[in-house]
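K.L.:
Here it is: the structure, laid out below.
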Amino acid sequence: MAVIGSHPPARVTISELTTIASAWTHNQFIDGTAIEGPPLALRIAASHVPSFVDLATGGYGQVIGDALNSAQTPTLANFATLANVLAGCVARLKADACRSVFAAARGLAGSVPTDTLAAAEAIARYPATFGKVDEALQTLGAGQGVVVFHGMAKPVKVPMIGPVRAP
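Per the working numbering: the sequence shown = residues 2 to 168.
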């Protein structure tokens, strides 16, 4: 998924990064697969997507890749971790990769997401419930080029799907 706003680039790359950025900025407006809300609020939310992701390339946006967010806070690490978790599901690193990600993304009601958009939405809406991230990551396979992020509540091992570095 990628929310492109009212001034889209000539080319749009849809990736796990665009899904996470769009789910975070539009979370209060997402209901299933629909994004609905007051026009001004939707424009404001859409204007924040490029802070997280470059819509043309699918890479990191300027704000999340700046010196403060990439090196001095866990923002980029958290963003990249969530994108890599979704990528592991999409790439089917293991047969049950999605099942583990979905189980880890239960909302407060305990409902299990059935697709990556619903998982991203649940994690954005209820971040404290994403406590089983280690189980999901173990299912994805910890022996395939693992990076450890130290900006989260505890170190998180993430299989590398793509480069996780500031632009």
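Beta carbons: idealized from backbone N, C-alpha and C, even for Gly. Every value quoted in this text rests on a predicted model; they were computed, and no experiment measured them.
#1: Taking the C-alpha atoms as reference points, what is the distance between A98 and A92?
#2: Decide yes or no for the touch test of the stretch 67 to 81 against the stretch 106 to 123: beta carbon pairs closer than 8 Å, at least 3 of them.
#3: Looking only at its own chain, which residues have a Cβ that is under 6 Å from the Cβ of A167, when we skip the five neighbours before and after it?
#4: In chain order, what residues of the same chain have a beta carbon less than 6 Å from the beta carbon of P128, not counting five sequence neighbours either side?
#5: The alpha helix (DSSP H) spanning A119 covers which residue range?
#6: Is it true that the CB of I36 sits closer than 9 Å to the CB of V4?
#7: What separation, rounded to the nearest whole angstrom, lies between the Cα atoms of I21 and E122?
#8: Cβ of G62 within 9 Å of Cβ of S52?
#9: Find the nearest neighbour of P40 within the set S7, V86, G60, judged by alpha-carbon distance.
P.N.:
To lay it out plainly:
#1: 9 Å
#2: Output reads no: the stretch 106 to 123 does not touch the stretch 67 to 81.
#3: Any reading at A167 must be qualified, since the residue scores a pLDDT of 39, below 50, and its modelled position is unreliable; no value is offered.
#4: none
#5: 117 to 126
#6: yes
#7: 8 Å
#8: yes
#9: S7
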